[in-house]
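J.: In my numbering, the protein residues as written are -7 to 144. Beta carbons are placed, not taken as given, at the ideal position from N, Cα and C, and that holds for glycine. This one's a predicted model, so the numbers in the text were calculated from it and none came from an experiment.
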Amino acid sequence: MFRGINAINLDTKGRMIMPARYRAEIESEAKGQLVVTIDAEERCLLLYPLPVWEEIEKKIENLPSFNQATRRIQRLLIGHATELEMDNNGRLLLPQLLREYADISKHVMLVGQGKKFEVWDKKIWGEGRAKWLANGLDGRDELPSELQLLSL
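This is how it looks when you write it as structure tokens:
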């Protein structure tokens, strides 16, 4: 499980260093191989260990391709998916085109989301977090019944 939030600086080549606390799990679960793609709803990137991505990719590929929404998701998620390999120093090169999509410059936020990470530009993350905290549940974002039963 990937959890927590980490502020990371990209180097001049667009590489980020994976925090040490995640490296062993990525090595054991995915042999250092990850897949990065765009988030179709937010200006961020999604970063998956390769085995987790392969499960998702199979599900997406098996959706009916004559459905317009399905084709949109297939084009965006699979079309932008790029395999990455963590080097011996724990670095990952984020592709330039994907960095441009997410408006990522030098400062990024790596946000653990269970089986994946979200990679955000630090400024965009801060703006989004402020908006999400200010809005709360305004009636449009009704909690799923499973979450309503959860005691935190």
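Any contact between the region 45 to 60 and the region 114 to 122? By contact I mean 3 or more CB pairs, one from each, below 8 Å.
T.: No, they do not touch.
J.: At least one CB of chain E closer than 8 Å to the CB of glycine 104: is that the case?
T.: Absent here is chain E; the protein component of the structure consists of one chain.
J.: Taking the alpha-carbon positions, what's the isoleucine 0 to valine 111 distance?
T.: For isoleucine 0 and valine 111, the distance between alpha carbons rounds to 10 Å.
J.: Got a sec? Which residues, its chain only, sit under 6 Å from threonine 74 by beta carbon, not counting five neighbours each side?
T.: Contacts found: Val28, Pro87.
J.: So does the region 100 to 109 actually touch the region 64 to 71, counting three or more Cβ pairs closer than 8 Å?
T.: As far as the Cβ criterion goes, the region 100 to 109 does not touch the region 64 to 71, which means the pair count is below three.
J.: Using C-beta distances below 7 Å, list every residue in its chain close to methionine 109, excluding the 5 sequence neighbours before and after it, in chain order.
T.: For the record, residue 109 in the displayed sequence is phenylalanine; it is not methionine. Result list for phenylalanine 109: Phe(-6), Leu39, Leu102, Val103, in chain order.
J.: Distance, Cα to Cα, serine 57 vs aspartate 31?
T.: If I take the Cα positions, the gap works out to 20 Å.
J.: Rounding to the nearest angstrom, what Cα-Cα distance links proline 11 and isoleucine 65 in this structure?
T.: Approximately 30 Å between the Cα atoms of the pair.
J.: Run through the DSSP bridge pairs and tell me what proline 41 is partnered with.
T.: Leu26, per the DSSP bridge assignment.
J.: Label alanine 22 either buried or exposed according to how many other C-beta atoms from any shown protein chain fall within 10 Å of its C-beta, with 16 as the threshold for buried.
T.: Alanine 22 comes out buried.
J.: Quick one: is alanine 126 buried, meaning 16 or more other Cβ sit within 10 Å of its Cβ, or exposed?
T.: Exposed is the call here.
J.: Taking all protein chains shown into account, do 16 or more other C-beta atoms lie within 10 angstroms of the C-beta of leucine 55, making it buried, or fewer, making it exposed?
T.: Classification of leucine 55: exposed, given that the 10 Å Cβ count is below 16.
J.: In whole angstroms, what is the alpha-carbon distance linking leucine 151 and arginine 15?
T.: With the chain covering -7 to 144 only, the question about residue 151 has no answer from this structure.
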